[in-house]
Structures are given as structure tokens and as C-alpha cells.
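There are 2 protein chains.
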Amino acid sequence: MKYIESKKNEDIKQINKLSSTKYIKKTGTYLIEGFHLIQEADANDQEFVKLLVTEKQENDRLAKKYRDIAVGISDDIAESLSETKTPQGIFAVIKVQNTEPLTDMHGQWVILDDVQDPGNVGTIVRTADAAGYAGVITSLNSADFYQPKVQRSMQGSQFHLPIYRMDMQDVLKLAKKSGLKVYGSEVNDRALPYKKLENSEDFALVMGNEAHGLSKEVLVQMDENIYIPILGKAESLNVAVAAGILMYGLKAI
Amino acid sequence: MKYIESKKNEDIKQINKLSSTKYIKKTGTYLIEGFHLIQEADANDQEFVKLLVTEKQENDRLAKKYRDIAVGISDDIAESLSETKTPQGIFAVIKVQNTEPLTDMHGQWVILDDVQDPGNVGTIVRTADAAGYAGVITSLNSADFYQPKVQRSMQGSQFHLPIYRMDMQDVLKLAKKSGLKVYGSEVNDRALPYKKLENSEDFALVMGNEAHGLSKEVLVQMDENIYIPILGKAESLNVAVAAGILMYGLKAI
């Protein structure tokens, strides 16, 4: 196994750049960390580009399985790559998913229209996974799925359901062509309390930006606007919480 | 109006310390920022200790109303106190709430057993406000309500409903004495899917720690354990999302 000791090594420098969305896009790869996540990636057939292990993990099952692309790193390097205070000493560079364009939609989807907080996007993917949704699609101005803060909130759910980044007009056209109803979460005069909506097998739930909600161009294309009644004095709900309430609320369970 | 120009001024040094939980506890006061939050605090009868305004806010209605405790500050000081990139130039030091012990509970409450992420605690308070709950109580090991990150997520909901920090055994005793049913969110063999629970007017919903869930001592005292069915492959939900799903799910709306 090749062994790298210096943080100034060219490979390590490149891997460090994977904390930036721009570089993730350029390379089509991202960095994941820790046994749990790497085991999940392996179990869910993700494409590994590189595996990095410190000395104490060199004999791990994964290090053996991926020996052809495994590289030894010093504890110092592990600390510099890690998002945690006590790194487990195992990292992987893997390929981003779903490079094939989406051509058909079935079941229940979540679509995010410019949701910009990384924690919100990641938490919504995790909740969509838990609630058994078919997949999550974000607009081009939403937070990128693969940046470290989104990853932290997804907790590996990106390996369980497809996630796409698409132009909003394209995804709405595709949803309608595929026969899905589209429900926009927005408080307005015509909106329906979500518990009044009839359960449906195939639909897309569209959530809007944290500050501005759904854009007008999106709103006019909705089959139904739905809202969560505010029973107290708060002005609104956090979008990830609202998405969770709606995802489970619209399920016939 | 007194005017402070130096960051090294003793008052400013003290106010800067209000970003620490320890100092908030010691003084019984905390710092809030921006027109929206300060107007909400004013409209909801919070006790103001100090108002700090930059020159351009000196003639604001609030600066006039609180002229006896208002102090002018430089833009530099405003930047040093602010949690935002573009400070509005208005800050207030106000008293923490609910120093009177809680002696009776009615309606629907949320109780947090060692929820430690500040964003989760704050978001749960905001959701409890939106869902019309009577109040939120945290255990002594939960994130403190008044630290800046919790405040940011509460978005002023602390002015709309009572929030308490109490010993868990005391709060559970009080809830039972007050005639509330206590429902613990926990996946186990005897737990009930939350949609099967009959709607009830008076109850306390108890949520556990992010990693460990409810503690054993708490769990044995629950009238009912409830859970949110996981329909996909995620292992769990974020606790603030789970609390939101349950808070709305248990409402007869």
C-alpha cells in the first residue's frame, strides 16, 4: 500500500479541495468519512475512486477489499481531512450519483425550489428516505447535495434513494408528463390544509425557499397548494420540519 | 444618550460575554439583535435591561421608548456584537424568562430529555409555538435556550410560549400530578405507531437525545411509547423533524 505522510502531497491537496462545491462538480467525486458511511456506500454499490486509511485501519475489511485504490495516510493528514474531532482514520473518495438524466417519475417525490440552507436540504433527504419517498430533486439554486454540511445532515440517505439537481421547469414538466400530481407548500387564499388533501399514490411535494417560499413561476403550475395550519403565534415553520410534517402527513399509514 | 465608542468599554465587554451560557445564567440576562426580534420582545412584555443603537437608529421608536436605558454604540461595536454580516444596528439585553417555578401543567407540552444540538432545541420551540403547544421544558443536560444558536432557531418563539429548564424527574412528577398523559418517542417492541394513538387534549410529548434516545429512567415512566414508522432505509429521523411530525400528528386538526 502506498503511504503518504505529508499534507503537501499533491493527492492530499486535491482531496482537501473536495470541501468545495465547485471542485466536487469539476471532478464528479466527493469525500466521505468514517466506517458507518463508507460501509453504507460499499453496501449500496457506490463507485469508489480512492480509500484512505491510517495505520490502525490498514487491516480493516474495507482496506482489503479496496486494496488496489487504498492509500495509507498519517494521523496528521487524517486530522486535516476530518470534519470531526476524533477521526476514525478512514476516508473514501467516491463518485457522485445519478449522472444519467431522469426520464420518468413514479411514486412520491420531494422537489426543492431553491432551498438554500445545507442542513435543511440534507435533513429533507434523510426524512424522504425514512418516509419511503421515491427520490429528492433540487432546483439549480438549492444547496448542493455533496457539500460537507449537506452530507452531514443526510447521514448516508443519498445511498438509499436517488437525488437529482435539475432545472425547475424541466422537473415540473417531467412530473406532469409522468402523471404525478404536484402539490406546492404555500400559505395563500386558495391553499388547502394538508390534512384535507386526499391520499394519493403518486405525487410530488414541492417546498420553497426559506425566506421567499415558492417562486411565482412554480406556484402557478401546482395542481394544489397545501399548507400547515399555524395554531400558535409563530410566523412560519422551519422548511425541513414542514417538509417532514407534510411527507408523513400525506402518507396513508 | 450615553455613547460608547471603544470595544474595550467595560459594558461592551460584559455584553460580549453574553454569548456564553455560563454568563447568561450568572446574570439572568441575554442579548437579542435586530428590529424584528426586539419588537417582538417589546410587544410580548419582556423586561429590557439595556438597548444599544448605532447612530442611524437613534431616532427609532424603540430607542425613544427605552431612552432611559438606551446607549449609543459605534458601527464597529455593532459589528463585534452581531451574529450577522450586515447588522441592523439595534441590540437589547433582556431578562431570561420564567424564573418562577412551574407548579401546574395544562394542555399539550413538549419535554426534551437531553436534546443537545442547539439548532434542534430552538427548532422544536419554534414548532411547538406554531403547533399551538402550551410550552416546552428541557432537562438540565439539554442545550440552553438562551445561547445564540438556540435563539437563532427559535426565531422569537420564546416570547410566545413558556420555556423551562427542569430536572426530568421533577417535570415528570408534575406532569402526572397535573393529570397529563406522558408519551415517549422511542422505537421498541411495545411502542405504538403515532397515528394509532387516540387524540387527547392534555399530554406531554417526550423526545430523547439525538444519539441515545430516551433514558431508561424516563422510559419506564411513560404512559405510552409511540414511534414514527420508518418506511425506507434511513435508520432514524432528525429529532427536530420527528418532534414536528409528532406535534402535528397528535393534534386533532
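Just so you know, the sequences run in chain order A and B.
Read left to right, the first sequence gives residues 76 to 328 (the numbering used here).
Read left to right, the second sequence gives residues 76 to 328 (the numbering used here).
A virtual CB, placed ideally from N, CA and C, is assigned to each residue, including glycine.
All figures in this text were calculated on a predicted structure; none of them were measured in a lab.
- Assigned with DSSP and collapsed to three states, A:R265 falls in coil, not helix or strand.
- The CB of B:G109 never comes closer than 7 Å to any CB in chain A; the least such distance is about 14 Å.
- Residue nearest to B:Q230 within the set B:I144, B:I199 and B:Q163 is B:I199 (criterion: CA-CA distance).
- Exclusion of the five residues before and after A:S217 leaves L187, D189, V190, Q191 and V196 as the residues of its chain whose Cβ lies within less than 7 Å of its Cβ.
- Residue state for A:Q132 is assigned as helix, using DSSP reduced to three classes.
- For A:Q183, the three-state secondary structure derived from DSSP is strand.
- Between B:A203 and B:L249, the gap from beta carbon to beta carbon reaches 8 Å or more.
- Residue state for B:S311 is assigned as coil, using DSSP reduced to three classes.
- Under the three-state reduction of DSSP output, B:M229 falls in the helix class.
- Proximity of the stretch 161-169 of chain B to the stretch 95-112 of chain B meets the contact definition, three or more beta-carbon pairs being nearer than 8 Å.
- Under the 8 Å criterion on CB atoms, A:I186 is classed as non-interfacial with respect to chain B.
- When C-beta distances to chain A are compared with 7 Å, every residue of the stretch 89-117 of chain B stays at or above that value.
- B:K224 and A:V128 have their C-alpha atoms roughly 34 Å apart.
- The DSSP-derived three-state label of B:N284 is strand.
- The C-alpha of B:K139 is placed about 8 Å away from the C-alpha of B:A145.
- For B:L112, the uninterrupted alpha helix (DSSP H) segment begins and ends at F110 to A118.
- In terms of CA proximity to B:K251, B:T178 leads the group B:Y105, B:A116 and B:T178.
- One thing to note: B:E115 has its Cβ no nearer than 8 Å to the Cβ of B:F220.
- The stretch 189-248 of chain A contains, as complete alpha helix (DSSP H) runs of 4+ residues, the segments 193-205 and 223-229 (chain order).
- For the pair of segments examined, the stretch 316-326 of chain A was found to touch the stretch 315-325 of chain B: the number of CB pairs separated by less than 8 Å reaches three.
- Taking the CA atoms as reference points, A:L294 sits about 15 Å from A:D245.
- Close to chain B, meaning a Cβ-Cβ distance shorter than 8 Å, are the following residues of the stretch 264-290 of chain A: P268 and K270.
- Within the stretch 186-220 of chain B, G194, T198, R201, T202, A203, D204, A205, A206, G207 and Y208 place their CB atoms closer than 8 Å to a CB of chain A, listed in sequence order.
- Annotation: B:S81 to B:D117 spans about 28 Å, alpha carbon to alpha carbon.
- Taking 8 Å as the CB threshold, A:V316 lines the interface with chain B.
- Taking a beta-carbon distance threshold of 8 Å, B:H181 does not count as an interface residue toward chain A.
- At least one CB of chain A lies nearer than 8 Å to the CB of B:Y323.
- For A:V316, the three-state secondary structure derived from DSSP is helix.
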